[in-house]
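Visitor: Below is the structure I would like to discuss, written out as structure tokens.
Residue numbers (the numbering used here), protein chains in the order written: chain A, 1454 to 1635; chain B, 50 to 342.
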């Protein structure tokens, strides 16, 4: 048993080992945002309801705002920053882009982290299952329809299927077009 | 929305945790998954001076089979129990109830014992513990004691766990293969706390007469309740639609329903009656169909 005001903890964040000195009361999302600069971890309701701060702890989705950083010393943490491969979007991110799965974008990091866990567990979901899977995350813009579309598209893409005709402009082409017009 | 200051201690054994509770006094609280306590701290509804982390106590996260049930350690998370082969085989009502507890993301971190010790009157698991006559093991400086579910839930957020004690484990008795069980709730949105809900366990004999009936209610009142009048109505009878309706009505007799912005007492009582009837019907259908036979 040991007790002190501040603690040195080690986390493996997005594959990189990080040592941070945290207060007992430091919540994980604050440590990720302030100490490690990972501002993709959004602080929403800060009492576990909205899901904007959803990250992965040791491979499972979790609310960063309900997690005391000191309690998970030694754990592996994954945030939305670890999803893309450089500038190449993760298929789930691209699906959200193509299907207008976001508007203001505040809920998006949490949604993406929740969906990435869900599609690992259930690679071939029904729309109802997709809807239930994101029930833990609140979006106040989209009305959820396009998020469910995005989840279904992402699931297909992760199974190796082509984008469906309704899935909008391919991200790479859009980027090239933007480059050309600049 | 940040927790107030406190000191963090990591306990290495149950004895260590209990000693710490004793040393630090009234301000000390046990921390497991933190999914009830931390939101209360963020909202400043709770201001513990010391948190004693029990999640790394060796063996405390186990879900173990006993001859007469399944024992769930204080650090076992909802998801561990929900997906436990033992829990699904020995006490399938428990995993079924867990699917109603918040969302997968919350169940990844929250613990079963934490939920029970928090004793939210709207929570599913206390009602399951009541319906199944679960047994709680509580540790204090002078050793361990066992408390039946009927004596565990004292009021809203109040349990038999004393200030210098901790809940070490809970044993859910095995459900007989021939028994039927069910849990159902009405919540405004998926994953929310229930406005009203019920759980039931029913055994019938070869003639279809009810030989054992337990019904419990949650969300209605200041604590989970055993609907003993409903149980008496069912016992020894062939559960016709009429008997089930009588039992559901009896379940709500004398229950003082709470009232809040989500529903009046009268509304809660009506919903509670509907859900009591629903779980009794489902449990009977399962018992008769021999789903488990």
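Backbone N, C-alpha and C fix where the C-beta goes; we use that ideal spot for every residue, glycine too.
No experiment lies behind these values; they were computed from the predicted model shown.
Taking DSSP's pairing of strands, which residues face residue 34 of chain B in a bridge?
Guide: An answer regarding residue 34 of chain B cannot be provided, because it is not within the stretch 50 to 342 covered by chain B.
Visitor: Per DSSP, residue 99 of chain B forms a beta bridge with which residues?
Guide: Per the DSSP secondary-structure output, residue 99 of chain B pairs in a beta bridge with B:56, B:77.
Visitor: To the nearest angstrom, report how far apart residue 325 of chain B and residue 141 of chain B are at their CA atoms.
Guide: 19 Å
Visitor: Answer with yes or no whether the minimum CB distance from residue 1454 of chain A to chain B is below 7 Å.
Guide: Note that residue 1454 of chain A scores 43 on pLDDT, short of 50, meaning its location in the model is unreliable and no value can be drawn from it.
Visitor: Can you tell me whether residue 195 of chain B is buried or exposed? The criterion is at least 16 other CB atoms within 10 Å of its CB, across all chains shown.
Guide: Exposed.
Visitor: 7 Å is my cut-off, CB to CB: does residue 1470 of chain A come that close to chain B?
Guide: At a cut-off of 7 Å, the C-beta of residue 1470 of chain A has no neighbouring C-beta in chain B.
Visitor: Going by the beta-carbon positions, is the gap between residue 103 of chain B and residue 60 of chain B smaller than 7 Å?
Guide: yes
Visitor: Is the stretch 111-122 of chain B touching the stretch 56-74 of chain B in the sense that three or more CB pairs, one from each, lie closer than 8 Å?
Guide: no
Visitor: Three-state secondary structure (DSSP) at residue 146 of chain B?
Guide: helix
Visitor: Which of the residues in the stretch 1519-1533 of chain A, read from start to end, lie with their CB under 8 Å from any CB of chain B?
Guide: 1519, 1520, 1521, 1523, 1524
Visitor: Note down, in chain order, each residue of its chain lying with its Cβ closer than 7 Å to the Cβ of residue 55 of chain B, except the 5 sequence neighbours on either side.
Guide: 97, 98, 99, 100
Visitor: Residue ranges of each beta strand (DSSP E) run of no fewer than 3 residues wholly in the stretch 212-255 of chain B, ordered along the chain?
Guide: 215-222, 229-235, 245-253
Visitor: Considering only residues of the same chain and omitting the five flanking positions on each side of residue 1655 of chain A, which have a CB-CB separation below 7 Å?
Guide: This structure gives no information on residue 1655 of chain A, because the portion of chain A shown stretches from 1454 to 1635.
Visitor: Just to confirm before moving on: does the CB-CB distance between residue 112 of chain B and residue 151 of chain B stay below 7 Å?
Guide: no
Visitor: Tell me whether residue 1484 of chain A, by its Cβ, gets closer than 6 Å to a heavy atom of the ligand FMN.
Guide: This structure simply doesn't include the ligand FMN, nor any ligand for that matter.
Visitor: In whole angstroms, give me the CA-to-CA distance for residue 201 of chain B and residue 300 of chain B.
Guide: 21 Å
Visitor: Kindly indicate the opening and closing residues of the beta strand (DSSP E) around residue 1474 of chain A.
Guide: 1469-1476
Visitor: Within a Cβ cutoff of 6 Å, which residues of the same chain sit near residue 247 of chain B, ignoring the five residues on either side of it in sequence?
Guide: 266, 324, 325, 328
Visitor: Would you check if there are 3 or more beta carbon pairs closer than 8 Å linking the stretch 175-191 of chain B to the stretch 268-278 of chain B?
Guide: yes
Visitor: Of all Cβ atoms in chain A, is any one closer than 7 Å to the Cβ of residue 154 of chain B?
Guide: yes
Visitor: Give the straight-line distance between the Cα atoms of residue 335 of chain B and residue 287 of chain B, rounded to the nearest whole angstrom.
Guide: 14 Å
Visitor: Check the Cβ of residue 310 of chain B against every Cβ in chain C and list those closer than 8 Å, keeping chain order.
Guide: Annotation note: the requested chain C is absent from the structure, which comprises protein chains A and B.
Visitor: Starting from the N-terminal side, write out each stretch of the beta strand (DSSP E) that is 3 residues or longer and does not extend beyond the stretch 1572-1606 of chain A.
Guide: Whole beta strand (DSSP E) segments, 3+ residues: zero.
Visitor: Quick check on residue 1461 of chain A: does DSSP put it in helix, strand or coil?
Guide: strand
Visitor: Let me know the secondary structure DSSP gives residue 196 of chain B once reduced to three states.
Guide: strand
Visitor: Against residue 104 of chain B, what residues of chain A qualify as contacts under a CB-to-CB distance less than 8 Å, listed in chain order?
Guide: 1524
Visitor: Of all the residues that make up the stretch 1472-1489 of chain A, which are near chain B by a beta-carbon distance shorter than 9 Å?
Guide: 1476, 1477, 1478, 1479, 1480, 1483
Visitor: Flag this pair as yes or no: are the beta carbons of residue 82 of chain B and residue 171 of chain B separated by less than 7 Å?
Guide: no
Visitor: Give a yes or no on whether 7 Å exceeds the smallest Cβ distance from residue 190 of chain B to chain A.
Guide: no
Visitor: Note the first and the last residue of the continuous alpha helix (DSSP H) segment covering residue 294 of chain B.
Guide: 290-301
Visitor: When the cut-off is 7 Å and only beta carbons count, does residue 55 of chain B lie next to chain A?
Guide: yes
Visitor: Determine which residues of the stretch 1492-1505 of chain A have a Cβ less than 9 Å from any Cβ of chain B, and write them out in chain order.
Guide: 1496, 1498, 1499, 1500, 1501, 1502, 1504
Visitor: Does the pairing of the stretch 255-269 of chain B with the stretch 279-294 of chain B give three or more beta-carbon distances under 8 Å?
Guide: With a cut-off of 8 Å, the stretch 279-294 of chain B and the stretch 255-269 of chain B count as touching, because enough Cβ pairs lie within range.
Visitor: Closer than 6 Å by C-beta to residue 186 of chain B: which residues in its own chain qualify, once you throw out the five before and the five after it? Chain order, please.
Guide: 193, 195, 217, 218
Visitor: Specify, as a first and last residue, the run of the alpha helix (DSSP H) that residue 1514 of chain A falls within.
Guide: Not the alpha helix (DSSP H): residue 1514 of chain A falls in the beta strand (DSSP E), residues 1513-1516.
Visitor: Among B:205, B:128, B:253, whose alpha-carbon lies nearest the alpha-carbon of residue 285 of chain B?
Guide: B:253
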